[in-house]
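Trainee: Chains as they are written, first to last, in the numbering used here: chain A, 23 to 232; chain B, -9 to 454.
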């Protein structure tokens, strides 16, 4: 743009400022009040009970278990899954007899398609909405890992469960890549009929541990 | 919004859809189903009114200080390893994105459903440069394969039924990649499976992904995409380069503010407590190259209008479409823009200006019943903006309206003329036309003109 030293950045910011000529000069962003009378937390049914109810509503499979290793073996046997991908940091105590391959060094994405499933932990779970949040921590791995295989087996510890959305955000680190999962992938695009599993894992199975 | 260039005015376009019984049936079923689901999950949230006030105020805070937040967002994204670009209009945004794709050497991109890229008609711009854009949302795929227009913000292919979708998949999928199975049934499960297979290889081989964003957090530089199918996660995660085209009004100031919108949006939109998948990323993530294109394209003009500014609070949930009696009958295409329904009726004329008959007619595409305002999770007073826009159309001189209002004023100003008019209307009642001529025909195209009463109230009163 010869003879026009103004960049689009300058131009847009100038337009924004002139559009806002009605806003008093002295007003800072924080001077404009946001009422926050909504509830950041609530009381109600036990969070584990509530989470189970919401997960089942989304057609996820849910079990409350004591021995993770046993529960993993049982879940895989039920599903007929033999080859499992796992993030680098999944503790060995979670693994029973099943054949697992650690994502270390990272497996090529195309190869992830060939696995029967993936086993991970989580960062936070929200009881009221049935949401499990992954933050790419050592027990959860990179985002592709829980995306490409058709089956996601997820371990949720009781102390990772919060009741409300605000409580969850408080615990999360925004600089980490975050994936919020509320039930298996679903679409309602064809005459509004809900169909589970279009592109993500078609089955989500959750093991809740003490 | 180039895809809709040359659209007729709203009354013309909608007269076609109101006479399409199948379309009206589909729309009615869809809007009523989503409406009922939404009402249930909103009732479940005891603090809904407070969340709504907070949501509206957070967006107002953002808009009143948008310059500050834009600079803050740019700084945070850059600090996290992303690159920020500024696009004053659609042409510039398309130029930037096309240039970025070309720089990767790729000729194919996968796309997450995004209103912003539809608004600027990015796919056509890419195509002109030899780049194929693949839509990956199931509904967008149906629209793309069917060489069609989206008709709803949330469920763009709502005007299509399963038989039509099967036909589109069978006849068009092969030209775009993996063909549909020859024995494809028309049940939703089979159709979804065909889409899964069709797109799977594409996801795994794509090296460039293009998305929009539902929210951009100024404080942290975090971008947020809410979706259901997992195609969004695929496009956001697997490609080496990610380009996000985001309207400048999509900003929320702080990380904490997301606690409000992550409650308001899913419940208002699909009527779920939470949508199946949400991805959040800050700058360059997991080795990916990240570009953010900040889009103006008329938004600063909307910002300059003190009444109309509130339209920029919109979080594209589509709740207003699902309760609107006019949308339910007219369908999304009649609005001639990627933004249909009540929000489209106020957003399109503001973004594009009163550029033609379509934009002039949109402020009238409403009964002003107020249902859209009641369900809006960020309390946009759509009727208020509609009335303000109508006054602008009138001031500028909308031809038909000026004619009618001028005649009405002369008659109503004089009791004598009014009596004469009422009297003759009563006597000529059998000759009342069923349809009105000229510019007034828009009103009578979809209803019968009522017959005037035999005598006026004054005449009746006089004989009592």
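Note that CB positions come from ideal geometry on N, CA and C, so glycine has one too.
Just list the beta strand (DSSP E) runs in the stretch 203 to 262 of chain B, keeping only unbroken ones of 3 residues or longer that don't cross its boundaries, in chain order.
Mentor: If we require 3 residues or more, the beta strand (DSSP E) runs fully inside the stretch 203 to 262 of chain B come out as 205 to 207, 212 to 217 and 231 to 237.
Trainee: For residue 212/A, name the three-state secondary structure that DSSP assigns.
Mentor: The answer is coil: DSSP assigns residue 212/A none of H, G, I, E or B.
Trainee: Under the assumption that residue 293/B contacts residue 38/A (Cβ atoms under 8 Å), give the Cβ distance between them as a whole number of angstroms.
Mentor: That belief holds up - the Cβ atoms of residue 293/B and residue 38/A are roughly 6 Å apart, short of 8 Å.
Trainee: Looking at chain A, which residues of the stretch 229 to 262 of chain B have a Cβ within less than 9 Å of any of its Cβ atoms?
Mentor: Answer set for the stretch 229 to 262 of chain B: 238, 243, 245, 246, 247, 248, 249, 250, 252, 253, 256, 260 and 262.
Trainee: Here's the rule I'm using: 16 or more other beta-carbon atoms within 10 Å means buried, otherwise exposed. How should residue 264/B be labelled?
Mentor: Classification of residue 264/B: buried, given that the 10 Å Cβ count is 16 or more.
Trainee: Note down, in chain order, every chain A residue with its Cβ under 7 Å from the Cβ of residue 339/B.
Mentor: Per Cβ cutoff of 7 Å: no residues; residue 339/B is ~17 Å from chain A at best.
Trainee: Restricting to Cα atoms, I'd like to know which of 137/B, 314/B, 143/B and 141/B is closest to residue 157/B.
Mentor: Taking only the C-alpha atoms, the option nearest residue 157/B is 137/B.
Trainee: Show which residues of chain A have a CB atom less than 7 Å away from the CB atom of residue 48/B.
Mentor: Within chain A, the residues near residue 48/B are 56.
Trainee: Could you give the distance in angstroms between the alpha-carbon of residue 140/A and the alpha-carbon of residue 223/A?
Mentor: Rounded to the nearest angstrom, the two C-alpha atoms are 10 Å apart.
Trainee: For residue 420/B, is the classification buried or exposed, using 16 other Cβ atoms within 10 angstroms of its Cβ as the cut-off for buried?
Mentor: Answer is exposed; the Cβ neighbour count stays below 16.
Trainee: Any contact between the stretch 158 to 174 of chain A and the stretch 44 to 53 of chain A? By contact I mean 3 or more CB pairs, one from each, below 8 Å.
Mentor: Too few Cβ pairs lie closer than 8 Å, so no.
Trainee: Please list the partners that residue 421/B has in chain A, where partner means a Cβ-to-Cβ separation under 7 Å.
Mentor: Neighbours of residue 421/B on chain A: none; closest Cβ ~47 Å, over 7 Å.
Trainee: Give the straight-line distance between the Cα atoms of residue 34/A and residue 290/B, rounded to the nearest whole angstrom.
Mentor: Cα to Cα, the separation comes out at about 8 Å.
Trainee: Can you give me the start and stop residues for the alpha helix (DSSP H) that residue 450/B sits inside?
Mentor: Residues 447 to 452.
Trainee: Spatial neighbours of residue 241/B within its chain, please: C-beta separation below 8 Å, excluding the five flanking residues on both sides.
Mentor: Cβ neighbours of residue 241/B beyond the five flanking positions: 52, 56, 59, 60, 63, 205, 206, 207 and 208.
Trainee: Do you know how far the Cα of residue 216/A is from the Cα of residue 204/A?
Mentor: So the alpha carbons of these two residues sit roughly 14 Å apart.
Trainee: Helix, strand or coil for residue 76/B, going by three-state DSSP, please let me know.
Mentor: Reduced to three states, the DSSP call for residue 76/B is strand.
Trainee: Per DSSP, residue 285/B is paired with what?
Mentor: Per DSSP, 77/B and 237/B.
Trainee: Is residue 221/A buried or exposed, if buried means 16 or more other CB atoms sit within 10 Å of its CB?
Mentor: Per the 10 Å Cβ criterion, buried.
Trainee: With DSSP as the reference, please indicate the residues paired to residue 271/B in a beta bridge.
Mentor: In DSSP, residue 271/B forms a bridge with 213/B.
Trainee: Relative to the C-alpha of residue 25/B, which candidate in 144/B, 222/B and 288/B has its C-alpha closest?
Mentor: The option with the nearest alpha carbon to residue 25/B is 144/B.
Trainee: Taking 8 Å as the threshold (beta carbon to beta carbon), is residue 270/B in contact with chain A?
Mentor: At least one chain A Cβ lies under 8 Å of residue 270/B.
Trainee: If you scan the stretch 291 to 376 of chain B from start to end, which runs of the alpha helix (DSSP H) of 4 or more residues do you find wholly inside it?
Mentor: 309 to 313, 315 to 320, 331 to 342, 347 to 351 and 361 to 365, all fully within the stretch 291 to 376 of chain B.
Trainee: Could you tell me whether the stretch 114 to 123 of chain B touches the stretch 247 to 265 of chain B, where touching means 3 or more Cβ pairs closer than 8 Å?
Mentor: Too few Cβ pairs lie closer than 8 Å, so no.
Trainee: Counting contacts by CB-CB distance shorter than 8 Å, is residue 47/A in contact with chain B?
Mentor: No, its Cβ sits nowhere closer than 8 Å to a Cβ of chain B.
Trainee: Considering only residues of the stretch 161 to 222 of chain A, which uninterrupted beta strand (DSSP E) runs meet the minimum length of 3 residues and lie entirely inside it, listed in chain order?
Mentor: Listed in chain order, they are 173 to 179 and 200 to 203.
Trainee: Distance cutoff 8 Å, beta carbons only. Does residue 44/A sit that close to anything in chain B?
Mentor: So, interface residue.
Trainee: Name, going along the chain, the residues of the stretch 201 to 214 of chain A whose beta-carbon falls closer than 9 Å to a beta-carbon of chain B.
Mentor: Within the stretch 201 to 214 of chain A, the residues whose Cβ lies closer than 9 Å to some Cβ of chain B are 201, 202, 203, 204, 205, 206, 207, 208, 209, 210, 211, 212, 213 and 214, listed in chain order.
Trainee: So, does the CB of residue 279/B fall closer than 8 Å to a CB anywhere in chain A?
Mentor: For residue 279/B, the answer is no, since every Cβ of chain A falls outside 8 Å of its Cβ.
Trainee: So who's on the other strand from residue 227/A, going by DSSP bridges?
Mentor: Paired residues: 83/A and 175/A.
Trainee: Go through its chain and collect everything with a Cβ distance to residue 86/A's Cβ below 6 Å, but skip five positions before and after it.
Mentor: Counting only Cβ-Cβ distances below 6 Å, and skipping sequence neighbours, we find 230.
Trainee: Going along chain A, which residues have a C-beta under 9 Å from residue 65/B?
Mentor: Residues of chain A passing the Cβ test: none, with the nearest at roughly 12 Å.
Trainee: Is it a yes or a no for the stretch 348 to 367 of chain B touching the stretch 310 to 330 of chain B, going by three-plus beta-carbon pairs under 8 Å?
Mentor: Counting Cβ pairs under 8 Å, three or more are found: they touch.
Trainee: Counting contacts by CB-CB distance shorter than 8 Å, is residue 138/B in contact with chain A?
Mentor: Taking Cβ atoms only, chain A never reaches closer than 8 Å to residue 138/B, which makes this a no.
Trainee: When burial is assigned at 16 or more other CB atoms within 10 Å of the CB, is residue 202/A buried or exposed?
Mentor: So residue 202/A counts as buried.
Trainee: Under 8 Å between C-beta atoms, does residue 315/B make it to chain A?
Mentor: False, the Cβ-Cβ gap to chain A never drops below 8 Å.
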